[in-house]
Amino acid sequence: MRLRMNQAISLAISEEMARDENVIVFGEDVAVAEGPFKTSEGLLTTFGPDRVRDTPISETAFLGAAVGAAMTGLRPVAEIMFIEFVGVAFDQMVTEAALMHYMSGGRYDVPMVMRASVGSGLGFGCQHSQTLERWMLGTPGLKLAVASGARSAYGLTKAAIRDNNPVVILEPRALYGQRENVEPGEESIIALGTAQTPRAGSDVTIVALGQTVNVALEAADTAPWSAEVIDLLSLMPWDRATVIDSVRRTGHLVLVEENQRTGGWGTEIASVVGSACFSDLRAPIHRITAPDVPVPYGPDLEKRFLPSADYVREQVGALLTTKTTPSPWWEEFV
Amino acid sequence: MTESMAGVPRSTQRRHELNESRVARLERMMEIRLVEDRIQDLFAQGLVSGTTHTSQGQEAVAVGLAAATRATDFVCCTYRGHGHALALGMTPDVVLGEVLGRQIGCMGGLGGSMHLSDPDVGLLPTFAIVGAGIPVAVGAALQFATRRSDGVALSLFGDGATNIGAFHEGLNMAAVWNLPVVFVCENNLYGEYSPLETTTAVSDIATRATSYAMAADVVDGQDVEAVQAAVTRAVERARGGGGPTLVEAKTYRYVGHSRSDKAPYRKEGELDEWLARDPIELFAQKLLASGELSASALDEMRRHQSHLIDEAQEQVLASPTGTIAQMFDNVFAPTPS
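So the sequence lines, in the order shown, correspond to chains H and D.
Numbered by my numbering, the letters in the first sequence go through residues 1 to 334 in order.
Numbered by my numbering, the letters in the second sequence go through residues 1 to 337 in order.
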């Protein structure tokens, strides 16, 4: 069926709530208003106020409550409206949720999901447009995945709810309204830690995540070279085998990241692939990222911030031709 | 051990013992004191690394709370948690084992003094981040409420934690959702090294409940039966659907915040005043006066407890330290596909 990403998320949660009465949902305005981005449509009506709750604007309280409810037998799905809001409650994710299984010698599990909207493109300004996946990368005990559209949002959400660990699912806000074909059912669940390859190719491997998957696909579709595009989907753990296998065949790796350059998610991928595929690589690994600046507000500037399809095509073309990494567009400004 | 207790974990049995007898509660307070004195000795001898936070002087709060609750309730405690863990039922060898980094410890020695947990008595992992356990207890209470169970969640924390956001957010949400949770503040007058009045706008922590339209109680934290009665009232309110309560127990730690703190910030004479109202002595006198305990039985109890802790220490020192391979255990929980 043809669904917007927010409908696919509502459907995934609804199916899991019907399947398991321990699944509960809470967050700011997720119940009566059905979510500021309509990602909990119909849940309150179907499952009632015990299982679908509006919280105060208290991220520490409700993420902490998710940890406590999860450790004692429920499977809470908590929504963080904008990823930046987790900043006030970060302790509960990275120091409590992530460590409770370890801290109990394996005797308590924390099967909770934290969903959050992320990313630029909608003119929300610098405090509501970041992706911030790097804040949580490399936290032992915490799984992290990023949706790239309705289909993957559906598959990842279901996998996350069934996982016995705390899982963070990031949802690019700009994609909530975009439609894709989603086939509801078990077959569409995407195991955490597995990447997908929406486009096969032979000259270059492009690894993208979240909002940049569509950008990479658009760039590849009109390019004179043949690109294999991998939608990484999970960052913790990430699918080394799929990426390494592809790079061994193409000899080139380009990472397309929405985050700023320094410390972005691609650094870890580049480091691992650089070591594992050193003799297969025919050019340096290249990272296409946003510049190290806050996300600007004005529409033209915000559009420039996120790598565009044209920019990706240009950069990959230059890499394949010169076998050296091209300079980023912002070099003249820094 | 009664027949029905066969196969029941030792910590659960110990919890029942506490619920059944006043003498057992005195004995447990004594055990806590002796275990923590022993922990300090072991640190002094250089047998343990890192730090530890002991609670000598606060034993009545731990034991009073444990006696007022069930092993099926959930409790969130803090890094000053040896006393709570022992009161709830954890055995001295398991506590000492964790402090000494041995496999006999509750985390196999990977956690240390600040990380004790025991699902058999509802002890969630003790929180080493001030205030972090407060919203987690709210979540455990949400679990009981969602399942329409009569369980209660308890959150123990110090006065210092009442100045962190998690306290205010947690209390407010618990009140708004009318959850079965009891917040127990051990007000020992110091947040780490700082006296209460220099960090906190109120002198009675319990008054903070007013902001959340929540029931509150102030209790003498040196009187184990007063604590037990106050927590029992709060727990009954919670089980009956009456929502959360904030209980403030006025107490005192005879020692510094942590191992390295000699507490030079104390007011002149303050420690002596509190030592004169030692919770173990107060309760022992009460049991002597009522005739439940004879002077010789009390002496014997002290000797016996001390002996048990010697034995536990021997067992712990005979237990190996964690293996390198254990470092890689329990990072992620298995998920069946």
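Ideal placement from N, C-alpha and C gives every residue a C-beta, glycine not left out.
Note that the structure is a prediction, hence the values are computed from the model and not measured.
{"query": "Quick one: what's got a C-beta closer than 6 Å to A70 (chain H)'s C-beta in the same chain, skipping five residues either side?", "result": "P76, V110, P111 and M112"}
{"query": "Leaving aside the five residues before and after V23 (chain D) along the sequence, list all residues of the same chain whose C-beta is less than 7 Å from its C-beta, in chain order.", "result": "L287, E292 and L293"}
{"query": "Please compile the residues from chain H whose C-beta is within a distance smaller than 7 Å of the C-beta of V138 (chain D).", "result": "A61, G64, A65 and G68"}
{"query": "Mind pulling the chain H residues with CB within less than 8 Å of V331 (chain D)?", "result": "H101, Y102, P140 and G141"}
{"query": "If you follow the alpha helix (DSSP H) that L156 (chain D) is in, where does it begin and where does it stop?", "result": "No alpha helix (DSSP H) contains L156 (chain D), which is instead part of the beta strand (DSSP E) from A153 to G158."}
{"query": "Helix, strand or coil: which one does DSSP assign to P264 (chain D)?", "result": "coil"}
{"query": "Would you tell me roughly how many angstroms separate the C-alpha atoms of L110 (chain D) and G101 (chain D), rounded to the nearest one?", "result": "6 Å"}
{"query": "Check R148 (chain D) in the structure and name its three-state DSSP category.", "result": "coil"}
{"query": "Buried or exposed, going by whether 16 or more other CB atoms sit within 10 Å of the CB of T72 (chain H)?", "result": "buried"}
{"query": "If the cut is a Cβ gap below 9 Å, which residues of chain H does S117 (chain D) touch?", "result": "M100, M103, S104, G105, R107 and Y108"}
{"query": "Let me know if N330 (chain D) comes out buried or exposed under the rule of 16 or more other beta-carbons within 10 Å of its beta-carbon.", "result": "buried"}
{"query": "Is G50 (chain D) close to chain H? Criterion is C-beta to C-beta, closer than 9 Å.", "result": "no"}
{"query": "With a threshold of 7 Å on Cβ separation, who are the neighbours of V273 (chain H) within its own chain once the five nearest residues in sequence on each side are excluded?", "result": "V243, I244, V247, L253 and I285"}
{"query": "Determine the direct distance from the alpha carbon of A78 (chain H) to that of S129 (chain H), and round the result to whole angstroms.", "result": "20 Å"}
{"query": "Below 9 Å between beta carbons: does that hold for N6 (chain H) and T46 (chain H)?", "result": "no"}
{"query": "Less than 9 Å between the beta carbons of T131 (chain H) and S148 (chain H), yes or no?", "result": "no"}
{"query": "Quick one: Cα of M1 (chain D) to Cα of S11 (chain D), how far?", "result": "In this predicted model, M1 (chain D) has a pLDDT of only 43, less than 50, meaning its place in the structure is not dependable enough to derive any value."}
{"query": "Measure how close the beta-carbons of M30 (chain D) and M327 (chain D) come, nearest whole angstrom, since I'm counting them as under 8 Å.", "result": "Not confirmed; about 36 Å, so no contact."}
{"query": "Below 8 Å on C-beta distance, what does Q143 (chain D) contact in chain H?", "result": "G68, A69, T72, G73 and L74"}
{"query": "What distance in whole Å lies between the Cβ atoms of A241 (chain H) and L255 (chain H), which are believed to be in contact at a cut-off of 8 Å?", "result": "At roughly 17 Å, the Cβ-Cβ gap does not stay under 8 Å, so L255 (chain H) and A241 (chain H) are not in contact."}
{"query": "Over what stretch of residues does the beta strand (DSSP E) that includes S14 (chain H) continue unbroken?", "result": "That residue, S14 (chain H), is in no beta strand (DSSP E); its alpha helix (DSSP H) goes M5 to R19."}
{"query": "Between the alpha carbons of V98 (chain H) and P140 (chain H), how many angstroms are there, rounded?", "result": "The residue asked about is misnamed: residue 98 (chain H) is Ala in this sequence, not Val. Distance between the alpha carbons of A98 (chain H) and P140 (chain H): 7 Å."}
{"query": "Between the C-alpha atoms of G108 (chain D) and F127 (chain D), what's the straight-line distance to the nearest angstrom?", "result": "17 Å"}
{"query": "R15 (chain D) and L88 (chain D) - do their beta-carbons sit closer together than 9 Å?", "result": "yes"}
{"query": "Can a CB atom of chain D be found closer than 9 Å to the CB of T95 (chain H)?", "result": "yes"}
{"query": "Under 9 Å between C-beta atoms, does V88 (chain H) make it to chain D?", "result": "yes"}
{"query": "Skipping 5 residues on each side, what residues in its chain have a beta carbon closer than 7 Å to that of V94 (chain D)?", "result": "I104, G105 and C106"}
{"query": "To the nearest angstrom, how far is the alpha carbon of A153 (chain D) from that of P172 (chain H)?", "result": "37 Å"}
{"query": "Would R240 (chain H) pass as an interface residue toward chain D - the criterion being a Cβ-Cβ separation below 9 Å?", "result": "no"}
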